[in-house]
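Report on the following structure.
Structure below.
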């Protein structure tokens with residue numbers, strides 16, 4: 001197919017963000033109800049990271065977004081058990097020590113939730129629509145994007161189980177164990193592409209051979225919140241300071257999202273639409 005301004009290449013990109021991916025699923029559910037069909041049929045490529053990667057796989061396999069919302073709501077507290085952050089300095093140190101040698105959450109409930117959506121043994125080659133899912137191959141020390149077979153000569157990713165790819169892109173450091181796919185270990189794709197918009201543009205231009213003026217991107221966030229540190233806290237931040245309240249991850253994710261949003265806005269102008277909503281102070285504490 002030849003894409004142009006009159007027949008544009010349309011990409012759907014879904015941001016990472018833990019349990020707040022429920023916002024993404026609900027937004028897509030609303031769109032599905034409006035258009036009256038599976039949302040994947042309206043896009044040439046879906047790209048998602050972490051929880052956004054799980055939703056992206058659901059889109060690629062034409063899982064109804066209503067089902068995704070139901071699974072997220074029913075499994076949310078199993079995946080992310082409620083945790084009241086300690087308020088005292090001693091309590092914070094004890095909490096940090098308790099999770100210094102193991103991740104905070106088990107990946108089993110997450111695997112169970114993804115299996116309900118996509119199936120236990122479903123392979124990436126069974127996807128109905130093209131999809132791209134970033135993760136970090138920590139065995140080889142390289143970023144990696146799992147893809148459906150956009151090009152005939154590709155022979156690696158199509159044979160992997162979709163549920164394993166889902167766990168790879170969502171293997172957030174300190175929260176979940178590393179995931180294993182094809183004899184390699186993986187960490188969360190959000191470490192380099194929590195907002196996968198630029199990956200989608202690259203796939204369109206380089207592999208689908210789409211001219212940039214024919215590319216459109218709809219990006220859906222996870223109630224992204226800007227993150228800043230009070231000047232009064234000083235400059236002597238140590239390990240405990242950076243890890244407290246996931247401060248380090250919040251700085252990385254927030255700055256990455258804003259940078260990508262700026263670059264994509266410059267490249268695509270009004271052909272880029274971002275759906276997101278900054279949460280209230282209380283809601284922002286929820287994972």
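Numbering (full-length UniProt numbering), first residue to last: 1 to 287. Ideal Cβ positions, reconstructed from N, Cα and C, are used throughout, including at glycine. Since the model is a prediction, treat every value here as computed from it, not as a measurement.
Straight-line Cα distance separating residue j from residue i
i: residue 163; j: residue 122; result: 8 Å
i: residue 62; j: residue 38; result: 6 Å
i: residue 151; j: residue 216; result: 21 Å
i: residue 177; j: residue 135; result: 14 Å
i: residue 16; j: residue 231; result: 28 Å
i: residue 228; j: residue 248; result: 11 Å
i: residue 280; j: residue 120; result: For residue 280, the predicted model reports a pLDDT of 48, less than 50, meaning its position is unreliable; a value from the coordinates is still stated below. About 37 Å.
i: residue 141; j: residue 211; result: 32 Å
i: residue 157; j: residue 104; result: 29 Å
i: residue 213; j: residue 182; result: 37 Å
i: residue 6; j: residue 269; result: 16 Å
i: residue 80; j: residue 19; result: 7 Å
i: residue 223; j: residue 69; result: 16 Å
i: residue 244; j: residue 172; result: 16 Å
i: residue 117; j: residue 180; result: 20 Å
i: residue 74; j: residue 167; result: 18 Å
Reduced DSSP secondary structure (H/G/I, E/B, other) of residue i
i: residue 120; result: coil
i: residue 189; result: coil
i: residue 48; result: strand
i: residue 140; result: coil
i: residue 285; result: Confidence at residue 285 is low in this model, with a pLDDT of 48, below 50, so its placement is unreliable and the value that follows should be read with caution. Residue state, collapsed to three classes: helix.
i: residue 41; result: helix
i: residue 6; result: coil
i: residue 1; result: coil
i: residue 18; result: helix
i: residue 234; result: coil
i: residue 159; result: helix
i: residue 211; result: coil
Sub-8 Å separation of residue i and residue j beta-carbons
i: residue 204; j: residue 127; result: no
i: residue 43; j: residue 208; result: no
i: residue 138; j: residue 206; result: no
i: residue 253; j: residue 189; result: no
i: residue 50; j: residue 169; result: yes
i: residue 200; j: residue 47; result: yes
i: residue 145; j: residue 24; result: no
i: residue 1; j: residue 29; result: no
i: residue 131; j: residue 218; result: no
One or two residues paired with residue i in a DSSP bridge
i: residue 180; result: 185
i: residue 13; result: 47, 219
i: residue 135; result: 144, 188
Range of the contiguous alpha helix (DSSP H) that encloses residue i
i: residue 253; result: 247-268
i: residue 23; result: 21-35
i: residue 72; result: 65-79
i: residue 242; result: 239-243
i: residue 162; result: 162-169
i: residue 201; result: 197-202
First through last residue of the beta strand (DSSP E) which encompasses residue i
i: residue 272; result: 272-275
Within-8 Å CB hit, residue i to chain D
i: residue 28; result: Checking the listed chains, one finds no chain D in this structure; it contains a single protein chain.
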